[in-house]
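In what follows, a single structure is set out as structure tokens and then discussed.
In the working numbering, the protein residues as written are 151 to 350.
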């Protein structure tokens with residue numbers, strides 16, 4: 151049975167720290183951000199206090215958050231959701247999951263294991279880090295999706311590994327963003343995702 155839990159991801163981050171004797175943030179930079187060229191990636195709320203360098207996260211419609219302590223999830227929750235990056239850099243990570251040439255980060259066998267839906271007896275159809283659903287546009291295999299929010303930003307990704315395509319959408323407001331982002335993702339899938347010409 152699947153019970154979605156951020157605590158499990160927090161524990162996984164701690165296990166990685168113990169096994170590597172290295173902070174999880176350093177592991178993320180070394181194993182993911184740097185190999186994929188994710189130069190905007192970091193931890194905590196993005197941007198610099200007092201500068202208009204980054205769209206601020208919003209709670210409800212009007213309250214925005216300046217970067218700094220208290221503007222993101224607590225540090226202990228980090229492995230479950232304090233990474234930030236630009237939409238371009240996030241797309242680099244997602245693209246690595248669906249490249250026809252294979253992932254730059256992990257073996258083909260490991261990637262297949264991560265994408266394999268688990269039979270847990272529920273309607274969630276979890277994979278390892280994703281949820282798997284049947285969609286005609288995904289081709290022979292399942293579509294994979296996941297979303298996330300820290301109550302100030304929201305993001306969602308849809309992947310079609312067998313078609314080597316994906317869509318990512320993010321928003322700097324969380325409370326009403328899920329439906330809007332899903333609508334945008336649906337439009338992008340219909341209009342662009344599988345146009346002739348290779349990976350998208």
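Note that CB positions come from ideal geometry on N, CA and C, so glycine has one too.
As the structure is a computational prediction, the values presented were derived from the model and not from experiment.
Item to check | Cβ pair residue 163, residue 231 closer than 8 Å | outcome: Start at 1 with the first residue of the chain shown, and residue 163 comes out as number 13. Start at 1 with the first residue of the chain shown, and residue 231 comes out as number 81. Remark: C-beta atoms of residue 163 and residue 231 do not approach each other more closely than 8 Å.
Next on the checklist: Quick test of the definition: if touching needs 3 or more C-beta pairs under 8 Å, does the stretch 271 to 288 touch the stretch 182 to 201?
Outcome noted: No contact exists between the stretch 271 to 288 and the stretch 182 to 201.
Item to check | Residues sharing a beta bridge with residue 209, DSSP | outcome: Residue mapping note: residue 209 aligns to position 59 of the chain shown, counting from 1. Residue 209 pairs with 213.
Item to check | Straight-line Cα distance separating residue 218 from residue 199 | outcome: Translated into positions along the chain shown, residue 199 becomes position 49. Translated into positions along the chain shown, residue 218 becomes position 68. One Cα belongs to residue 199, the other to residue 218, and the distance between them is close to 7 Å.
Next on the checklist: In this structure, how does DSSP classify residue 156 when only helix, strand and coil are distinguished?
Outcome noted: If you number the chain shown from 1, residue 156 lands on position 6. In the structure shown, residue 156 sits in a helix (DSSP, three-state: H, G or I).
Checklist entry - By Cβ distance below 7 Å, which residues in the same chain neighbour residue 203 in space, the five residues on each side in sequence not counted? => result As a first step, residue 203 must be located in the chain shown, where it is residue number 53. Cβ neighbours of residue 203 beyond the five flanking positions: 197.
Checklist entry - Contact between the stretch 237 to 246 and the stretch 310 to 330: three or more CB pairs below 8 Å? => result Flag = yes, the stretch 237 to 246 and the stretch 310 to 330 touch.
Checklist entry - Between 190, 302, 264 and 213, which lies nearest to residue 236 when the distance is taken from Cα to Cα? => result Along the chain shown, one-based indexing puts residue 236 at 86. Ranking 190, 302, 264 and 213 by Cα distance to residue 236 puts 190 first.
Item to check | Buried or exposed by the 16-neighbour rule on C-beta atoms within 10 Å, applied to residue 325 | outcome: Here residue 325 refers to the residue found at position 175 when the chain shown is read from its first residue. Exposed, because fewer than 16 other Cβ atoms sit within 10 Å of the Cβ of residue 325.
Checklist entry - Who are the near neighbours of residue 364 in its chain, counting only those whose CB is closer than 6 Å to its CB and skipping five residues on each side? => result This structure cannot speak to residue 364, because the chain is shown only from 151 to 350.
Item to check | Three-state class that DSSP yields for residue 231 in the structure shown | outcome: Taking the chain shown and counting its residues from 1, one reaches residue 231 at position 81. Reduced to three states, the DSSP call for residue 231 is helix.
Checklist entry - Roughly how many angstroms lie between the CA atoms of residue 249 and residue 255, to the nearest whole one? => result Counting from one through the chain shown, the residue named residue 249 turns up at place 99. Counting from one through the chain shown, the residue named residue 255 turns up at place 105. Approximately 11 Å between the Cα atoms of the pair.
Checklist entry - Under the three-state reduction of DSSP, which class applies to residue 282: helix, strand or coil? => result What you label residue 282 is simply residue 132 of the chain shown in a count that begins at 1. Secondary structure of residue 282 (DSSP, three-state): strand.
Item to check | Residues bridged to residue 193 (per DSSP) | outcome: One-based indexing of the chain shown puts residue 193 at position 43. Beta-bridge pairing links residue 193 to 233.
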